[in-house]
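>
In the numbering used here, the protein residues as written are 67 to 175.
1) Excluding sequence positions up to five away, which residues of its chain have a Cβ less than 8 Å from the Cβ of residue 117?
2) Does the distance from the CB of residue 167 to the CB of residue 160 come in under 8 Å?
3) Could you check whether residue 113 and residue 84 sit closer than 8 Å to each other, using their CB atoms as the reference points?
4) Quick check on residue 157: buried or exposed, where buried means 16 or more other Cβ atoms within 10 Å of its Cβ?
5) Could you check how far apart the C-beta atoms of residue 110 and residue 69 are, in whole angstroms? I think they sit under 8 Å.
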């Protein structure tokens, strides 16, 4: 699938394939965002964090690049980025001066 085109509707596209929003879900984003345009990256993160708000037991785990939105290696900056989505950063580290972010995120609700 072309995530540049699907970003924002990815989970809806997965529903016919068996994805069930009512079940606790671990969303894994690993080395995918590198390949997306900034608008698609923003839409995908908004979609995934919105799902966290709808399913409080769901989690997002990320090992990826969040530029141009987050370039800093600082945990506080990563927390502020996810706070913009009403999501809570549970764990964080980074590599290469913030080029790669490692994050575990849940909904604030």
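We put the beta carbon where it would ideally sit given N, CA and C, even for glycine.
Walking through what the data contain:
1) The count along the chain shown starts at 1 and reaches residue 117 at position 51. Result list for residue 117: 77, 87, 91, 93 and 124, in chain order.
2) Locating residue 167 in the chain shown gives position 101, counting from the first residue. Locating residue 160 in the chain shown gives position 94, counting from the first residue. Yes.
3) Along the chain shown, one-based indexing puts residue 84 at 18. Along the chain shown, one-based indexing puts residue 113 at 47. No.
4) Walking along the chain shown from the start, residue 157 turns up at place 91. Flag for residue 157 reads exposed.
5) Looking up residue 110 in the chain shown gives position 44. Looking up residue 69 in the chain shown gives position 3. The C-beta distance from residue 110 to residue 69 rounds to 7 Å, short enough to meet the 8 Å contact threshold.
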